[in-house]
Structures are given as C-alpha cells and as structure tokens.
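Enquirer: Numbering (this note's numbering), first residue to last: 3 to 372.
Please see the structure below; I have some questions.
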C-alpha cells in the first residue's frame with residue numbers, strides 16, 4: 003500500500019524539531035560548562051525515547067495497521083503481503099503508543115525537576131515528592147492499559163479475522179488523555195508555593211506565571227487530539243499526527259525555562275565582557291565600590307569600603323525590649339556572582355566564602371541579588 007507521505011513528512015518534521023529543542027538545551031549547558039542536573043539527564047532520556055519513536059512511526063504509517071473498517075478488512079486476502087505488512091505495522095504501533103506516553107511523562111519530569119531546583123522549604127519539598135509519586139503512578143497506569151486492552155495479546159496485530167474494537171485503542175486514548183490533563187493541572191498548581199516562597203518583584207512573578215501558564219496550551223492540544231481521534235477512530239495517520247503535535251508542544255513547554263535562562267545568561271555575559279573590570283577585580287578581589295544594600299534573613303548587606311569584604315548589620319531586640327544593632331564583616335575571595343536561572347529567581351556564588359561562610363544557591367540568595 004502507498005505510504006501516507008504528507009502526514010509522515012509533517013510527523014517527522016515535528017519529531018526532528020523536538021529533538022533539536024532537547025539538543026539545544028544540552029548544548030547550552032555544555033557551552034556554559036554547567037553541571038548536568040536532573041532535568042538535563044531527563045532531556046538525554048527524552049532524546050532516546052524520541053529515537054525509538056522515530057524508528058517505529060514510519061512503519062506504522064507506511065505499512066498500515068489492523069485498525070480497519072469492515073469493508074477494507076473484507077477486501078483483504080488472507081496470507082497476502084498487505085496482511086503481513088499490516089501485522090508488522092500493528093506491532094510497531096504498540097511500541098509507538100508506549101513511546102508517546104513516555105515522551106509526555108518525561109517532559110513532565112523535566113518540569114518537576116525545575117520546581118525541585120526552586121523549592122527549598124521542607125513542607126513544600128514534601129509536596130514536591132508527593133507529586134513525584136503521582137507522576138510515576140500516572141505513567142505506569144496508561145502503559146499497563148496500553149498493553150492489556152486486547153486479550154489475548156496476539157489480537158494487537160491480528161488482521162484477519164476481525165480482532166474486535168480493542169485495536170482502536172479508545173480506552174487507552176481516554177486514559178492517557180485524562181491523566182495527561184490532570185497531571186498538567188497538578189504541575190501548574192505547584193507554581194503557587196514557588197511564587198509564595200521566592201522574593202521577586204511583581205512583574206517578574208507575572209513573567210514566571212506566563213511562562214508556565216502556557217502549559218494550558220498542552221491541555222487544549224490534548225482535548226483537540228481526543229476529539230479528532232474519536233471522530234476519525236479508523237485513521238491512524240490523524241491520531242499519530244495529533245499525538246506528535248502534542249509531544250512537540252510538551253517538549254517545548256518543558257524546556258522553555260532552561261532555554262530562556264541560557265539565552266539570558268549569554269546576553270548578560272556578552273554585555274559583561276564589553277565592560278572593563280575594576281582594578282581590584284583584576285587582582286582577584288571584590289570591587290571596592292558602593293552598592294545598594296540588600297537583605298537576607300534580616301541582615302542588611304552591602305559591600306564594605308574594603309576590597310573583598312561584605313559589611314552586614316542586623317537589628318536585634320532583647321526580651322527587655324532593648325534594641326541593638328549587630329555589625330560584622332565577612333571576607334570574600336572573589337567578586338563574581340553568576341545568574342543560575344536568569345528568570346530573576348536566584349543566583350549562585352562562584353568560588354566564594356560568602357555571607358555565612360558557605361557557597362549558597364537558591365531563592366534566599368535571590369532575595370539578595372535580584
């Protein structure tokens with residue numbers, strides 16, 4: 003049978019675009035010489051899953067499957083080459099459906115890892131780990147449904163006689179769609195404690211909200227895919243086309259924060275290179291210039307008049323009601339502060355024994371540096 007060339011070209015193009023997005027994420031981390039985090043390793047896993055998907059989807063569309071109308075099935079000659087091709091295409095379809103679920107849930111894992119880097123409070127960490135368990139469970143359920151909808155198992159690739167309605171995969175469609183939308187809403191809800199925890203100007207919080215509220219686009223794509231698949235349940239090309247579009251959207255949304263942060267970081271680095279460094283920075287110390295005071299855990303912090311020194315002060319009230327001001331100076335070894343996520347959330351000290359004597363990352367430093 004002739005392949006569905008237009009649909010195949012579009013599907014392969016969307017798949018290639020998804021892989022490019024993942025490679026760009028990993029390449030940007032490599033160029034910045036940053037350590038691989040959970041999200042980066044999940045991106046590597048996602049590339050492998052996409053590779054499996056690309057390996058089976060041409061066979062599904064070129065050879066066809068056993069999801070046929072009664073008229074087409076009756077016209078087939080048992081033992082013919084077309085029947086053999088459809089049997090092989092149906093086997094590929096089973097792998098295709100598992101890879102489709104895997105791509106969507108790996109993308110959710112990448113979003114979860116982004117929250118994991120932001121959330122530091124113990125209570126919110128518990129909620130985050132609970133959500134991790136939910137994501138794992140909701141991945142296992144649709145995979146099990148996909149592999150158990152037809153009984154016996156051979157019906158998945160039986161062309162003649164009629165294997166029944168299980169080959170249409172409508173139970174799998176509704177199960178995956180419902181859990182997909184539910185977990186998307188769950189991940190969007192995790193944004194609330196993040197915004198409550200970090201200290202950001204309102205406009206930066208609004209930008210972060212917009213960044214993740216585009217996740218609603220995924221819900222729309224999923225709903226459209228379910229509608230189109232149910233209305234054309236015998237067209238595997240339509241189902242695969244919309245499924246690939248959903249996978250592409252999930253990949254782009256999941257990796258958008260990392261790509262945005264890398265782009266911002268490159269812009270900031272290029273601007274910094276065009277500015278001559280102060281004399282004491284060249285000597286390896288902190289610039290002896292005045293900067294606006296910041297606060298961290300009640301400490302008012304600013305650069306001291308001495309190179310390589312923080313000046314900190316904090317008002318303390320005794321039980322008697324007497325208020326005193328405590329001051330201290332902290333020597334720091336280097337003047338570089340590097341944005342980790344240039345969404346204005348937090349920054350990281352590079353090679354310092356900064357305030358408190360340790361290297362810090364997280365939202366608390368963001369309250370100081372943003």
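Cβ coordinates follow ideal geometry from the N, Cα and C atoms, glycine included.
Please state whether DSSP places residue 164 in a helix, a strand or coil.
Expert: coil
Enquirer: Are residue 44 and residue 104 close, meaning C-beta to C-beta below 9 Å?
Expert: no
Enquirer: Let me know the secondary structure DSSP gives residue 186 once reduced to three states.
Expert: helix
Enquirer: Kindly give me the distance between the Cβ atoms of residue 147 and residue 173, rounded to whole angstroms, as I take these residues to be in contact under 8 Å.
Expert: 6 Å
Enquirer: One question on the structure: do residue 42 and residue 31 come within less than 9 Å of each other, judged by their Cβ atoms?
Expert: yes
Enquirer: Indicate the three-state DSSP secondary structure (helix, strand or coil) for residue 264 in the structure shown.
Expert: Judged by DSSP in its simplified three-state form, residue 264 adopts helix.
Enquirer: Assuming residue 261 contacts residue 27 under a Cβ cut-off of 8 Å, what Cβ separation, rounded to an integer in Å, is found between them?
Expert: Contact holds; Cβ gap of about 6 Å.
Enquirer: Hey, quick one: how far does the alpha helix (DSSP H) through residue 16 stretch, first residue to last?
Expert: Note, residue 16: alpha helix (DSSP H), 7-33.
Enquirer: Can you check whether the C-beta of residue 151 is within less than 9 Å of a C-beta belonging to chain D?
Expert: The structure shown contains no chain D; it holds only a single protein chain.
Enquirer: Evaluate the contact criterion for the segment 15-27 versus the segment 47-63: three or more CB pairs, one atom per stretch, below 8 Å.
Expert: yes
Enquirer: Assign residue 96 to one of two classes, buried (16 or more other C-beta atoms within 10 Å of its C-beta) or exposed (fewer than that).
Expert: buried
Enquirer: For a quick check, are the C-beta atoms of residue 373 and residue 71 less than 9 Å apart?
Expert: This structure does not reach residue 373, given that the chain is present from 3 up to 372, and the question cannot be answered.
Enquirer: Looking only at C-alpha atoms, which of 74, 142 and 177 sits nearest to residue 162?
Expert: Checked all of 74, 142 and 177; the closest Cα to residue 162 is 74.
Enquirer: For residue 21, I'd like the list of residues in its chain whose CB is within less than 7 Å of its CB, leaving aside the five on either flank, ordered along the chain.
Expert: 49 and 52
Enquirer: May I ask you to verify whether the segment 130-143 touches the segment 182-193, counting CB pairs closer than 8 Å and requiring at least 3?
Expert: Verdict: yes, contact present.
Enquirer: Can you grab the Cα-Cα spacing for the pair residue 108 / residue 144, in whole Å?
Expert: 14 Å
Enquirer: If you drop the 5 nearest sequence neighbours on each side, which residues of the same chain put their C-beta closer than 8 Å to that of residue 61?
Expert: 90, 91 and 94
Enquirer: Spatial neighbours of residue 182 within its chain, please: CB distance less than 7 Å, with the 5 preceding and 5 following residues excluded, ordered by chain position.
Expert: 106 and 224
Enquirer: From which residue to which residue does the alpha helix (DSSP H) around residue 229 run?
Expert: 217-233
Enquirer: When we look at the beta-carbon of residue 38 and count the other beta-carbons within 10 Å, is it buried (16 or more) or exposed?
Expert: exposed
Enquirer: Let me check understanding here. Comparing Cα to Cα, which of 33, 171, 24 and 25 lies closest to residue 267?
Expert: 33
Enquirer: Using a Cβ-Cβ cutoff of less than 7 Å, which residues in the same chain neighbour residue 78 once the five nearest sequence positions on both sides are dropped?
Expert: 84, 85, 161 and 162
Enquirer: Could you tell me if residue 151 is buried or exposed, where buried requires 16 or more neighbouring beta carbons within 10 angstroms of its beta carbon?
Expert: Buried, by the Cβ-count rule.
Enquirer: Can you give the Cα-Cα distance for residue 82 and residue 66, rounded to whole angstroms?
Expert: Approximately 14 Å, taken between the alpha carbons.
Enquirer: Of all the options 192, 101 and 59, which has the alpha carbon lying nearest to the alpha carbon of residue 119?
Expert: 192
Enquirer: Can the beta-carbon of residue 226 be found closer than 9 Å to that of residue 175?
Expert: no
Enquirer: May I ask you to report which of helix, strand or coil DSSP gives residue 171?
Expert: coil
Enquirer: So for residue 70, helix, strand or coil by DSSP?
Expert: coil
Enquirer: So is residue 229 buried or exposed if we call it buried at 16+ other beta carbons inside 10 Å?
Expert: exposed
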